[in-house]
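*Asks:* Counted the way mature numbering (1 follows the signal peptide of the UniProt record, and there is no 0) counts, the sequence shown spans residues -21 to -1, 1 to 153. Glycine included, C-beta positions come from ideal geometry on N, C-alpha and C. None of these values were measured; they are calculated from a predicted model. So that we are looking at the same thing, I have put the structure below in structure tokens.
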Amino acid sequence: MAWKWTALVALCILLVSGVVSQIEDVGENVVEEPSKEEGKFFPKLLSHIFDILSFRKVVAELKVGKTSPTMCFVCKFGIALLQHFVETDKPQEEIAHIAYTICSTLKLDSDRVCAGIINLFKDEIMYVFQRTTLGPQEVCGVLLGNECARITSPLHNWTVPLTPFPKPPPEEIK
């Protein structure tokens, strides 16, 4: 059963990366400005894909801390797509633009918030995903918990050393 999900994610990655490269090729060969309908192809495709994945429902569940099988699948799909873009050396600005397109097309928040959050965290996200050895299942298991994926790696069991100073006694409130 797991291979079916992996195959579906791989197919989606190939589809999306193929569409992105076709859009890039068309953009290089067009001399005149494209019509408004041509520029809406990629956002419409993304919107359709995420409608199928019930992305808006997943975002609502995420806001209240609920984990569902759909949320896990969307997480794994998104992480696999991001890792694919990083592994194929897509420029950071291009990945940020795709993230902005997803955020604004799906109306996850206002365009200003989408742009701000992406600009604020794009460097950190790229830094982490350029160096991680975790796969999509492990990343989503760490982010969403055992309901999404049970992680048994000993690398995930770590402690934070505290200072040797004793905690001060509590004071009574009058």
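Under 9 Å between the Cβ atoms of I77 and V65?
*Replies:* The residue labelled residue 77 in the question sits at position 98 within the sequence shown. The residue labelled residue 65 in the question sits at position 86 within the sequence shown. No, they are not a contact pair.
*Asks:* Buried or exposed: Q109, going by 16 or more other Cβ atoms within 10 Å of its Cβ?
*Replies:* In the sequence shown, the residue the question calls residue 109 occupies position 130. Its Cβ having fewer than 16 others within 10 Å, Q109 is exposed.
*Asks:* Should the region 125 to 135 be called in touch with the region 47 to 56, which here means at least 3 C-beta pairs below 8 Å?
*Replies:* Yes, the region 125 to 135 touches the region 47 to 56.
*Asks:* Are the beta-carbon atoms belonging to Q71 and G114 less than 9 Å from one another?
*Replies:* On the sequence shown, position 92 is the one that residue 71 refers to. On the sequence shown, position 135 is the one that residue 114 refers to. No. Outside cutoff.
*Asks:* Looking at the unbroken alpha helix (DSSP H) that takes in L123, where does it start and where does it end?
*Replies:* Reading the sequence shown from its first residue, position 144 is the one you call residue 123. It spans P115 to L123 - the alpha helix (DSSP H) in which L123 sits, taken as one unbroken run.
*Asks:* For S38, which residues from the same chain have a beta carbon less than 7 Å from its beta carbon, with the 5 sequence-adjacent residues on both sides left out?
*Replies:* Translated into the one-based positions of the sequence shown, residue 38 becomes position 59. What sits at residue 38 in the sequence shown is Val, not Ser. Answer for V38: L87, listed in chain order.
*Asks:* Rounded to whole angstroms, what is the Cα-Cα separation between R91 and M105?
*Replies:* For the purposes of this step, residue 91 is taken as the residue at position 112 of the sequence shown. For the purposes of this step, residue 105 is taken as the residue at position 126 of the sequence shown. Straight-line Cα distance between these residues: approximately 21 Å.
*Asks:* For D102, which residues of its own chain have a beta-carbon under 6 Å away from its beta-carbon, when the five flanking residues on both sides are left out?
*Replies:* Here residue 102 refers to the residue found at position 123 of the sequence shown. Around D102: no qualifying Cβ.
*Asks:* Mind checking E117: buried by the 16 CB within 10 Å criterion, or exposed?
*Replies:* For this step, residue 117 is matched to residue 138 along the sequence shown. So E117 ends up on the buried side.
*Asks:* Does I58 pass the burial test, meaning 16 or more other C-beta atoms within 10 Å, or should it be called exposed?
*Replies:* By 1-based counting over the sequence shown, the position of residue 58 is 79. When all chains shown are included, I58 counts as buried.
*Asks:* Give the DSSP-derived three-state secondary structure of P140 in the structure shown.
*Replies:* Taking the first residue of the sequence shown as position 1, residue 140 is located at position 161. Note: P140 maps to coil in three-state DSSP.
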